[in-house]
Each structure stands twice: as structure tokens, then as C-alpha cells.
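Student:
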Amino acid sequence: MLGFFNFKNKNKKKGSPENDLEDKSSIETSLIKNFNALKETIVKEIMIPRIGVIFVDYAKSKDELLKVVTSSSHSRFPVYHGTIDNIVGIIHTRDILLHMCKKDFYEIDLKDIMRKVMFVPESKKTDSLLKEFQENHVHIAIVVDEYGGVSGLVTLEDILEEIVGDIQDEFDNELDEIVRLDDGSYLCDARILIEDLNEKLNLNLPNGDFDTLGGFVYDLFGRIPLKNEKVEYGNLVFSIKNMHQRNIKVIKISEKEGL
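The working numbering puts the sequence shown at residues 17 to 275.
#1: Distance, Cα to Cα, Y202 vs K127?
#2: From the DSSP output, in three-state form, read off G231 for me.
#3: List in chain order: all unbroken alpha helix (DSSP H) runs of 4+ residues lying wholly within the region 58 to 108.
#4: Which term fits K246, buried or exposed, when burial requires 16 or more other beta carbons within 10 angstroms of its beta carbon?
#5: Within the same chain, show all residues whose beta-carbon is closer than 7 angstroms to that of D114, passing over the 5 residues directly before and after it, in chain order.
#6: Assign H260 to one of three DSSP states: helix, strand, or coil.
#7: On the DSSP bridge assignment, give the partners of F135 in chain order.
#8: Is it true that the region 86 to 94 meets the region 55 to 74, where meeting means three or more beta-carbon pairs spaced less than 8 angstroms apart?
#9: How many Å lie between I240 and V253 at the Cα?
#10: Using DSSP bridges, identify the partner residues of F254.
#11: Let me confirm a value: E169 is counted as buried when at least 16 other C-beta atoms fall within 10 Å, else exposed. Which label applies?
#12: Take R207 as the anchor and find which of F226, Y122 and I179 has the nearest alpha-carbon.
#13: Mark T228 as exposed unless 16 or more other C-beta atoms lie within 10 angstroms of its C-beta, in which case mark it buried.
#14: For L236, count the other beta carbons within 10 Å of its own beta carbon; 16 or more makes it buried, fewer makes it exposed. Which is it?
#15: In the DSSP assignment, what are the bridge partners of D205?
#16: What's the gap between the Cα of R110 and the Cα of I103?
#17: Is the beta carbon of I62 closer than 8 angstroms to that of I156?
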């Protein structure tokens with residue numbers, strides 16, 4: 017059973033000029049701090065892991081390619097030939113759309129519309145990658161491990177998220193880490209530690225390979241989930257209630273019906 021937990025409400029007075037100036041100063045300080053932190057952050061720490069990347073098989077048909085692209089909210093996809101460790105290009109949805117409009121999409125070879133790939137090592141500093149993205153007008157790079165195998169993907173958006181992404185979360189106190197709903201289920205911040213979640217809800221979720229609830233649920237799906245998708249573990253159901261790009265933000269935990 018999901019254990020009952022008493023949650024503390026975090027209320028903050030807003031609206032006064034003093035508080036507005038205070039918040040503005042705090043946000044600016046946080047932005048500077050986060051930007052400077054990029055110098056000490058390596059790509060491996062912010063990349064989307066291989067399991068969470070949607071790859072496109074060069075050998076597949078155009079219809080299969082369209083199925084993958086249209087079922088995703090992403091705009092860029094790595095293309096592999098033979099194995100995922102052999103990335104041969106990046107396909108942009110706008111290029112596909114352009115040739116769909118020209119009515120020659122099914123006639124052209126995929127290699128004719130693929131973009132060149134930027135490969136970066138896991139150990140590359142994030143501030144250095146940001147500079148390369150800007151200089152080369154590139155928004156995406158494939159991350160490789162020390163053996164040359166593909167370990168993940170990193171985008172310009174991921175780096176910008178490191179700078180500004182946590183600012184809203186830091187100043188938004190509307191949602192606590194865990195909120196109990198009337199039906200007995202719980203809305204949980206995906207960043208809550210598995211250890212804390214187990215203690216607060218009297219659960220026994222494993223935390224060996226991941227620290228947070230989001231990481232655990234990501235692993236259950238084995239791919240990037242969509243909003244409102246569900247996955248089960250034991251007698252529990254995990255529903256994705258809020259996503260931002262590839263990141264799970266809010267998860268609903270409930271018990272299976274009939275238990």
C-alpha cells in the first residue's frame with residue numbers, strides 16, 4: 017500500500033516591489049553561477065544517454081522513417097548505418113518537410129539531405145562545446161566514449177537548460193516534491209531521490225543504478241516516454257504527467273486497479 021504522508025506547504029509572499037527586486041537579483045546571480053559552472057561540467061553529465069535517444073536506421077524505408085519522425089516531438093534525429101555505433105548523419109524534420117512539399121521525398125536518397133555529424137568525447141567541457149556550437153552553427157552532437165562507441169547525444173538546448181532550466185524550478189513553489197491526490201495517488205517531482213520517496217511513501221523501489229524517480233521510470237520505459245504514457249512496476253503504475261523536451265518533470269504514482 018502507498019503509505020500516507022503529511023506534506024508541508026511552502027508559501028511565499030509575492031507581489032511587493034522589494035520581493036520582485038529580490039527575486040530578480042537572485043535569478044541574475046543564479047544565471048551567472050550556472051554559466052560559470054559549465055567550466056567544470058563535462059558533456060557526460062548533461063547528455064541524453066544512448067537508451068533515451070531516437071535513432072533512425074539508414075536502411076529502413078521512407079515510410080518507416082516518417083513513422084518515427086511523426087511520432088516524436090523532436091526535430092533532429094541521428095542516422096545510423098548497420099549499428100548505432102556507426103552514425104552517418106543527422107536528419108532534420110524541416111528538410112523532410114521541404115522535400116515533401118517538393119513532392120520528391122520518395123525519390124531522393126536519404127544521404128542527400130543528411131547533415132554532417134559533430135562527434136564529441138564524454139570528457140569535453142560543456143562551456144567549450146557551447147562555443148563550438150555557436151561557431152559552427154550546430155545544435156546537436158553525438159557523444160562517444162573512450163572506445164569510440166556512441167554513449168549519447170547532447171544538444172544546444174541541453175546546455176542552455178543547465179544555465180536557465182533550474183531557475184523556474186528554484187522560484188516556483190506551487191508544487192511540492194510529493195502531493196497526495198483525493199484518489200489516493202501521488203504527484204511526484206521526478207527529481208525526488210528514490211531513497212526519500214521510499215521513506216515517505218513506504219515503498220521499496222530499487223535505487224542501485226539511479227538516484228531519482230525520473231531515472232527509475234526512464235529505465236522502466238527503456239526509451240523517451242510521451243506525456244500521459246504509463247508503465248507498471250510490481251503493483252504500482254507510473255504515469256508521465258509533465259515533460260520538458262526529453263526530461264520527465266512530474267510523475268503520478270498509483271496502485272493497479274483491483275488490488
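Note that beta-carbon positions come from the ideal geometry of N, C-alpha and C, so glycine has one too.
Tutor: This is what the structure gives:
#1: Walking along the sequence shown from the start, residue 202 turns up at place 186. Walking along the sequence shown from the start, residue 127 turns up at place 111. For Y202 and K127, the distance between alpha carbons rounds to 47 angstroms.
#2: Locating residue 231 in the sequence shown gives position 215, where the first residue counts as 1. In the structure shown, G231 sits in a helix (DSSP, three-state: H, G or I).
#3: Here the runs fully enclosed are 59 to 62 and 78 to 86.
#4: Counting from one through the sequence shown, the residue named residue 246 turns up at place 230. Burial is judged here by how many other beta carbons sit within 10 angstroms of a residue's own beta carbon; K246 has fewer than 16 and is exposed.
#5: Locating residue 114 in the sequence shown gives position 98, where the first residue counts as 1. With the sequence shown as reference, residue 114 is identified as Leu, and Asp is not the correct amino acid for it. Cβ neighbours of L114 beyond the five flanking positions: none.
#6: Within the sequence shown, numbered from 1, the residue matching residue 260 stands at position 244. In the three-state DSSP reduction, H260 falls in the strand class (E or B).
#7: In the sequence shown, counting from the first residue as 1, residue 135 sits at position 119. Bridge partners of F135: I158.
#8: Yes, since at least three Cβ pairs between the region 86 to 94 and the region 55 to 74 fall closer than 8 angstroms, the two stretches touch.
#9: Sequence index remark: in the sequence shown, residue 240 carries index 224 (1-based). Sequence index remark: in the sequence shown, residue 253 carries index 237 (1-based). Rounded to the nearest angstrom, the two C-alpha atoms are 17 angstroms apart.
#10: Within the sequence shown, residue 254 is the residue found at index 238, counting from 1. Per DSSP, V247 and I269.
#11: Counting from 1 along the sequence shown, the entry for residue 169 is found at position 153. First, the residue type needs correcting, since residue 169 is Leu and not Glu in the sequence shown. Answer is buried; the Cβ neighbour count reaches 16.
#12: Translated into the one-based positions of the sequence shown, residue 207 becomes position 191. Minimum Cα distance to R207 is reached at F226.
#13: One-based indexing of the sequence shown puts residue 228 at position 212. Buried, since its Cβ has 16 or more Cβ neighbours within 10 Å.
#14: In the sequence shown, residue 236 corresponds to position 220, counting from 1. Counting of Cβ neighbours within 10 angstroms places L236 among the exposed residues, the total staying below 16.
#15: As a position in the sequence shown, residue 205 is number 189, starting the count at 1. According to DSSP, D205 bridges with V266.
#16: Position 94 of the sequence shown, counted from the first residue, corresponds to residue 110. Position 87 of the sequence shown, counted from the first residue, corresponds to residue 103. Computed Cα separation, rounded: 20 angstroms.
#17: Taking the first residue of the sequence shown as 1, we reach residue 156 at position 140. Taking the first residue of the sequence shown as 1, we reach residue 62 at position 46. No, the Cβ-Cβ distance between I156 and I62 is not below 8 angstroms.
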